[in-house]
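K.L.:
Mind looking over this structure? Questions follow.
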Amino acid sequence: MSFEEALRALEGVVRSLESGEVPLDESIALYERGETLRKACQARLDAAQARIEKIVQGSDGAPSGTVPFDAES
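What follows is the structure, encoded as structure tokens:
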């Protein structure tokens, strides 16, 4: 399942749970499914972040190397 598919499925689970019209047993099953989807999405995001690198430019404007991507900056 792609990240986008997992995210859409997770959004569907959230909508169902937020509707308040799902029986308790089904809500529990949906919650478990949502948690599985959340973990899958987070793992994909973590892997993508680990692969992203920011190009560092030297004083002459040429790339001089890379540093790990920092989502905070």
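Number 609 in the numbering used here belongs to position 5 of the sequence shown; there are no gaps in the numbering.
Cβ coordinates follow ideal geometry from the N, Cα and C atoms, glycine included.
Hey, is the segment 619-627 in contact with the segment 643-650, meaning 3+ C-beta pairs nearer than 8 Å?
P.N.:
Flag = no, the segment 619-627 and the segment 643-650 do not touch.
K.L.:
Kindly indicate which three-state DSSP category S631 falls into: helix, strand or coil?
P.N.:
In the structure shown, S631 sits in a helix (DSSP, three-state: H, G or I).
K.L.:
To the nearest angstrom, how far is the alpha carbon of L628 from that of E639?
P.N.:
L628 and E639: Cα-Cα distance of roughly 16 Å.
K.L.:
Helix, strand or coil, according to DSSP, for V626 in the structure here?
P.N.:
Of the three classes helix, strand and coil, the one that applies to V626 here is coil, per DSSP.
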